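Chemist: Below you'll find the structure I mean.
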């Protein structure tokens, strides 16, 4: 009991406050975006999000209080998570539910979730374990071997996600993987070769790997005036909503807005385009405050990465921070037309129970890295 109390006292409470504040703000944003809808399932979403938040906070504190090295220092747990994610992805290919042109959802009883999100986090954990345990390798071929080993881990889930096709989830973990490889001391020249090769493949993917609706999204990104009543409707309404919010916004739960009048489709305003609703209702001040809160959380994550006493903790923290940053950047970016529409949710803000729990789990692991940075083999390590 005393050990648990010491760990609670030693937690990074700035991070805890930011996480809790963002989650509560997310519930409020979901309520404001859906409370006037006629569909009962929409008006009840904020209540369901509270239930998932309660579960997620339990997961967060459990993950934070258990020493991450106790279950991540051995390959068994990250490997089991990875194989579980891979299995769910394979199952989704055969019996998954198709939504917005992608077979990406899996229904197990009353629970619906996207296995791609579990696969991304579990893959990053396994890659971090691999790099942390092969850091002492030296020379050209061992370096290439480390890269090829990482590629062998990443390729199967990435290909399965691409087949769905869920382009957004395919994109979000590319920066995270590159960040882990960089911190894992993979020489920069190899990373540069991978980046150049990835850029070279963009035209191939754009021509042969995209569905028609995904090409339309790319076209509307490059030309927002393309098909304003069809493919360009959502992004144009998002820009109108954010712009009409002005400096202070139209007010929380304000009526007669783009959101409440349904100009932004009710099927996505509480998920992918929740930032547009926030921008309209709370204006520039609310939007900047939200971005600042995310910025503070990401900087706290980098502080935790810098304070880690082992390579595994450092790699995991950097991977999680980069993954969160990519989600935030891509989600907000697509609502203000600086990135294509990819269907990536805004962490802790967008509606989505399983995604919320997974994000809180990842943040709990990062908190564990902070809590246990001076503890080795159950004893306090004085520096």
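Residue numbers (the working numbering): 286 to 668.
Where is the CB? At the ideal position from N, CA and C, for every residue including glycine.
These figures come from a predicted structure and were not determined experimentally.
Is residue 642 near residue 296, with beta carbons less than 9 Å apart?
Modeler: Not in contact: residue 642 and residue 296 (Cβ atoms no closer than 9 Å).
Chemist: Is the region 557-577 touching the region 530-545 in the sense that three or more CB pairs, one from each, lie closer than 8 Å?
Modeler: Flag = yes, the region 530-545 and the region 557-577 touch.
Chemist: By a C-beta neighbour count over all protein chains shown, 10 Å radius and 16 as the cutoff for buried, is residue 298 buried or exposed?
Modeler: Exposed, since its Cβ has fewer than 16 Cβ neighbours within 10 Å.
Chemist: Do residue 404 and residue 600 count as a contact pair if the criterion is CB distance below 9 Å?
Modeler: For residue 600 and residue 404, no; Cβs fall outside 9 Å.
Chemist: Just to confirm my understanding: we take residue 453, look at its own chain, exclude 5 residues before and 5 after, and list those with CB closer than 6 Å. What are they?
Modeler: Only 627, 628, 629 meet the Cβ criterion.
Chemist: Where does residue 679 fall in DSSP's three states?
Modeler: Given a span of 286 to 668 for the chain in the structure shown, any question on residue 679 remains unanswerable.
Chemist: Looking at C-beta atoms only, is the number of pairs between the region 345-365 and the region 571-581 that lie closer than 8 Å three or more?
Modeler: Taking 8 Å as the limit for Cβ pairs, the verdict is that the region 571-581 does not touch the region 345-365.
Chemist: Is DSSP giving residue 397 helix, strand or coil here?
Modeler: Looking at residue 397 - three-state DSSP - the assignment turns out to be strand.
Chemist: Express the C-alpha separation of residue 361 and residue 466 in angstroms, rounding to a whole number.
Modeler: Looking at the two C-alpha atoms, the distance is approximately 21 Å.
Chemist: Under 7 Å Cβ to Cβ from residue 522, same chain only, skipping five residues before and after it: list those, please.
Modeler: Cβ within range, chain order: 543, 548, 549.
Chemist: Express the C-alpha separation of residue 390 and residue 399 in angstroms, rounding to a whole number.
Modeler: Computed Cα separation, rounded: 5 Å.
Chemist: Who are the near neighbours of residue 506 in its chain, counting only those whose CB is closer than 6 Å to its CB and skipping five residues on each side?
Modeler: Excluding sequence neighbours, residue 506 sits near 625.
Chemist: Tell me, which residues are paired with residue 383 by DSSP?
Modeler: DSSP lists 388 as partners of residue 383.
Chemist: Scan the region 481-554 and note each continuous alpha helix (DSSP H) run of 4 residues or more that stays entirely inside, going in chain order.
Modeler: The region 481-554 contains these whole alpha helix (DSSP H) runs: 497-507, 518-529.
Chemist: Going by C-alpha distance, which of 410, 319, 372 is nearest residue 358?
Modeler: The candidate whose alpha carbon is nearest that of residue 358 is 410.
Chemist: DSSP three-state call for residue 377: helix, strand or coil?
Modeler: Of the three classes helix, strand and coil, the one that applies to residue 377 here is helix, per DSSP.
Chemist: Nearest to residue 309 by CA position, among 328, 294, 289, 335, is which residue?
Modeler: For the residues 328, 294, 289, 335, the minimum Cα distance to residue 309 belongs to 335.
Chemist: Looking at the secondary structure, which residues open and close the alpha helix (DSSP H) in which residue 343 lies?
Modeler: Where residue 343 is concerned, the enclosing alpha helix (DSSP H) stretches over 330-350.
Chemist: Helix, strand or coil for residue 632? Go by DSSP, reduced to three states.
Modeler: Coil at residue 632, not helix or strand.
Chemist: So what's residue 593 in DSSP terms, helix, strand or just coil?
Modeler: Of the three classes helix, strand and coil, the one that applies to residue 593 here is coil, per DSSP.
Chemist: Can you tell me the Cα-Cα spacing of residue 490 and residue 383, whole angstroms?
Modeler: If you take the alpha carbons of residue 490 and residue 383, they lie about 21 Å apart.
Chemist: By alpha-carbon positions, which one of 564, 329, 596, 638 ends up nearest to residue 617?
Modeler: Among 564, 329, 596, 638, the Cα nearest to that of residue 617 belongs to 564.
Chemist: With a threshold of 9 Å between beta-carbons, can residue 475 be considered close to chain D, or not?
Modeler: Judged by its chain identifiers, the structure shown contains no chain D, having just a single protein chain.
Chemist: Taking residue 461 as the reference, which of 474, 316, 610 has the closest Cα?
Modeler: It is 610 whose Cα lies nearest to the Cα of residue 461.
Chemist: State whether the region 364-375 contacts the region 436-446, with contact taken as three or more CB pairs (one from each stretch) at a distance under 8 Å.
Modeler: Cβ pair count under 8 Å is three or more, so yes.
Chemist: Residue 604 by DSSP, collapsed to three states: which one?
Modeler: In this structure, residue 604 counts as helix in the three-state DSSP scheme.
Chemist: Please classify residue 402: does DSSP put it in a helix, a strand, or coil?
Modeler: Looking at residue 402 - three-state DSSP - the assignment turns out to be helix.
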